[in-house]
Amino acid sequence: MRAMRRTGVVLFLVFTFLVFTVSMVPAQEPTGGGPSFGMDLALGVVSFVDEEDGETLTYQQIGFRPHMEIGRFGLGLDLGLNYRFTGGDGSEFEVREEDWIPSGEVSFLELYLPKIEYLRYGRKGDSLYAQFGSLSNTSLGNGFIMENYTNRLFRPGRPIFGGVVDVDGTLVGVPQIGLETMVANVAAWDVMGVRFYTRPLVGMALPVLPRLQIGSTLVVDRDPYYHIRKNETPAYEAVFEDVDTSSPDDPVIVWGLDTRLPLLMSDFLRLDVFGDLVWQEDRLGGMVGTGGRLAGFLLYGAQIRAYQDNFVPTYFGGTYDRRRVERYLIYTEEVEVDGTIGWLGRLGVSLWSDSLVFLTQLSGPFETGTGARPELQSTLTLAEGIIPGFAGFSFDARYEKFNLKNLEDLVSAEDAIIGARFNIRSGPVIVRLSYNLMYDPLAEGDPWIVTSGLETAISF
Numbered sequence: 019m020r021a022m023r024r025t026g027v028v029l030f031l032v033f034t035f036l037v038f039t040v041s042m043v044p045a046q047e048p049t050g051g052g053p054s055f056g057m058d059l060a061l062g063v064v065s066f067v068d069e070e071d072g073e074t075l076t077y078q079q080i081g082f083r084p085h086m087e088i089g090r091f092g093l094g095l096d097l098g099l100n101y102r103f104t105g106g107d108g109s110e111f112e113v114r115e116e117d118w119i120p121s122g123e124v125s126f127l128e129l130y131l132p133k134i135e136y137l138r139y140g141r142k143g144d145s146l147y148a149q150f151g152s153l154s155n156t157s158l159g160n161g162f163i164m165e166n167y168t169n170r171l172f173r174p175g176r177p178i179f180g181g182v183v184d185v186d187g188t189l190v191g192v193p194q195i196g197l198e199t200m201v202a203n204v205a206a207w208d209v210m211g212v213r214f215y216t217r218p219l220v221g222m223a224l225p226v227l228p229r230l231q232i233g234s235t236l237v238v239d240r241d242p243y244y245h246i247r248k249n250e251t252p253a254y255e256a257v258f259e260d261v262d263t264s265s266p267d268d269p270v271i272v273w274g275l276d277t278r279l280p281l282l283m284s285d286f287l288r289l290d291v292f293g294d295l296v297w298q299e300d301r302l303g304g305m306v307g308t309g310g311r312l313a314g315f316l317l318y319g320a321q322i323r324a325y326q327d328n329f330v331p332t333y334f335g336g337t338y339d340r341r342r343v344e345r346y347l348i349y350t351e352e353v354e355v356d357g358t359i360g361w362l363g364r365l366g367v368s369l370w371s372d373s374l375v376f377l378t379q380l381s382g383p384f385e386t387g388t389g390a391r392p393e394l395q396s397t398l399t400l401a402e403g404i405i406p407g408f409a410g411f412s413f414d415a416r417y418e419k420f421n422l423k424n425l426e427d428l429v430s431a432e433d434a435i436i437g438a439r440f441n442i443r444s445g446p447v448i449v450r451l452s453y454n455l456m457y458d459p460l461a462e463g464d465p466w467i468v469t470s471g472l473e474t475a476i477s478f
C-alpha cells in the first residue's frame, strides 16, 4: 500500500513537470465544419493488477487512437500496446499478452469489442441517441433501480464494451411515448435494462400536467458471479473455493413503476417531484422525492424511502460491478437486512454553464441495527478554460464511500472507491494523469486495488 502511494506521488510530480513543459507549446485554433478524422498518439506508463499473484505491475504504453465524426455519428478506437522491460540491461521486453490474446475465461468478443472506445450517434437528450463502449453515469428513470451505473471499474486491465440506446417518440411523431435501454456488456449480456415511459397528457392545453411522465423499468442481472470468474487472483479463488460460480441459482430481476412531474421550470427555480414503486422478488420498496436547481447554480434533492426486508435501494448503483456478490447475497436472503424507512439528500453547485460542478449525495436508514449503513457519493468536475493562465487544464474526481459507521469513516479509504483524472492541453498536445484506489471487501489479505497511469498524447 505504501509503495502504491509512493508511486502515485512520483507520477504526480512527473505530471506537474510535464504540465509546465506542455504549457510552452503554442495553442492551435480548431477547425470546424464537415467530417473530421484524426489520430491520437500517446506514450506513457500504466499499472495493472497481475492475475497470477495479485501484485501491481507497471507497463510502458504506446497508444494508437484513431477517431472520426461524420454528422451525428462518431467512432473512436483504442489500439494501445503495453510492454515492459524484463532484462537487466534493458534490451529484453515483453508485451502484455492479455490485451490481445484471449485466454482462460476471456472470450474473443470480450477482448476485442472494447478496442472500440466509443461508437456514438447523437447526444444524450436527442430523440435518437446511441452510445456503445465505456458507460459512465448510466441511469434509468428516477434512479431508484439504476443510477450512475458504470462498467469502467475494472479498467485498465479489463475494459468492457456496453451500450445505451434511447428513443423518444418525437422521432416518429408520437411524443407521448419513449424508450430507454442499456446493456452493461455486449459480449456477455449479463446486466440489461429497459424503461418504457409515456407522457399521457402532452399536447393538452393544461398548466403543468402535460409535463407528467409515467414509466416502467426492468433491469436483470443474468450472471451475478460474472466478474468473480474473470478475476482469477489467488485471493478470489480462496474466497470462492466452495462456491459454484459457473452459474448462479437465480438471476437478479428488479422491476418497478415510476412517475415524474416538473412543477417549476423558471430560470430561478427548477423543481421536480417524483416517486417509485419497485419489486425485488416479492419484496417491495418505494420512494418519493423532489429535486432541481435554485438560483441557477444550486443543485438540490431529497427523498424519503421505505422498503421491506432484504430490499436494496438503487440496486444497480455506481459501485455495482465491485459489489455484485455482496448484493446478490442480500437478494437471495443469505444475508439478512431488515426493512426500514430511509432517506437521501443531495446538494451541489454548478457554475459557469456547468464548467465547474460539485455534487455530493448521502443516503441511509433512519434507524441503526438494520444491517444497512449510510453511503456517500461525491463528484467534482472542472472543464477546460476556467483557470486563468491554464486554459487547457481540466479535472474530474469521484469519491464513493459505503458502510459508513461514524463521522471518522468519511475520511477513511476503507470501503471506498476513489478516482481522479488530471488533463492539461495545449494545442495538439495533452498530458493525462489518472489514479484509482478501490477497496475490495471480498479479497483476502491486501484489500486495496490501486491503478494509475500517466501519458502524453498528440492529436493529428
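Under this note's numbering, the sequence shown is numbered contiguously, ending at residue 478.
Don't be surprised by glycine CBs; every beta carbon is placed ideally from N, CA and C.
Outcome for residue i when other beta-carbon atoms lying within 10 angstroms are tallied against a minimum of 16
i: Ile348; result: buried
i: Thr104; result: exposed
i: Val449; result: buried
i: Arg342; result: buried
i: Ala206; result: buried
i: Asn203; result: buried
i: Gly472; result: Note on residue identity: the sequence assigns Leu, not Gly, to residue 472. Answer is buried; the Cβ neighbour count reaches 16.
i: Glu110; result: exposed
i: Val480; result: Lying outside 19 to 478, the shown extent of the chain, residue 480 is not represented and no answer is given.
i: Ala60; result: buried
i: Pro53; result: exposed
i: Ala390; result: buried
i: Ile442; result: buried
i: Asp117; result: buried
i: Thr18; result: What is shown of the chain runs 19 to 478, which leaves residue 18 out entirely.
i: Thr397; result: buried
i: Gly407; result: exposed
i: Asn424; result: exposed
Cβ-Cβ separation, residue j to residue i (assumed contact under 8 Å), whole Å
i: Ser154; j: Thr168; result: 5 Å
i: Tyr346; j: Pro242; result: 4 Å
i: Met86; j: Leu97; result: Not a contact, Cβ separation roughly 14 Å.
i: Ala313; j: Asp58; result: So it is not a contact: roughly 39 Å between Cβ atoms.
i: Phe179; j: Leu131; result: 4 Å
i: Leu279; j: Val270; result: Going by Cβ atoms, the distance from Leu279 to Val270 rounds to 30 Å, so no, they are not a contact pair.
i: Ala13; j: Leu362; result: No answer is possible for residue 13: it lies beyond the span of the chain, which begins at 19 and ends at 478.
i: Glu112; j: Arg102; result: 6 Å
i: Ile134; j: Leu95; result: 6 Å
Own chain, CB closer than 6 Å to residue i, minus 5 neighbours either side, in chain order
i: Lys248; result: Glu123
i: Leu295; result: Gly274, Leu275 and Gly304
i: Val183; result: Ala148 and Thr199
i: Asp515; result: The structure shown does not extend to residue 515, since the chain is modelled only from 19 to 478, so the question has no answer here.
i: Phe440; result: Phe413 and Leu451
i: Val209; result: Ala202 and Asp239
i: Phe334; result: Met164, Tyr167 and Val237
i: Thr235; result: Leu158, Gly159, Ile163, Arg213 and Gly274
i: Thr399; result: Val375 and Asp414
i: Leu75; result: Phe66 and Asp68
i: Val27; result: Residue placement at Val27 is flagged as unreliable, the pLDDT there being 42, under the threshold of 50; a coordinate-derived value is accordingly withheld.
i: Thr277; result: Ile232 and Gly293
C-beta neighbour in chain B for residue i, strict 7 Å
i: Glu402; result: Chain labels in this structure do not include chain B; a single protein chain is all it has.
Close beta carbons around residue i, own chain, < 8 Å, minus the five adjacent residues each side
i: Gly161; result: Thr332
Same chain, Cβ closer than 7 Å to residue i, neighbours up to 5 away in sequence not counted
i: Leu316; result: Val367
i: Val220; result: Pro193, Gln194 and Pro228
i: Arg90; result: Tyr139 and Gly140
i: Tyr318; result: Gly309, Gly310, Leu312, Arg364 and Leu365
i: Thr388; result: Val355, Asp356 and Thr358
i: Glu385; result: Thr358
i: Asp186; result: Ser145 and Gly196
Task: Stretch-stretch touch, CB-based, cutoff 8 Å, three pairs: the region 185-204 with the region 355-362 - done: no
Open item on the list: As an exercise, report each continuous beta strand (DSSP E) stretch of at least 3 residues that is fully enclosed by the region 149-222, in chain order.
Closed with: Runs found: 156-158, 164-167, 180-186, 195-201 and 209-216.
Task: Three or more C-beta pairs below 8 Å linking the region 380-392 and the region 406-417 - done: Touching, no, given that fewer than three Cβ pairs across the two stretches are closer than 8 Å.
- [ ] Please go through the region 331-417 and give each complete alpha helix (DSSP H) segment of 4 or more residues, from N-terminal end onward.
- [x] Listed in chain order, the complete alpha helix (DSSP H) runs (minimum 4 residues) inside the region 331-417 are 342-349.
Open item on the list: Does the region 360-376 come into contact with the region 399-406, if we say contact requires no fewer than three beta-carbon pairs (one atom in each stretch) closer than 8 Å?
Closed with: yes
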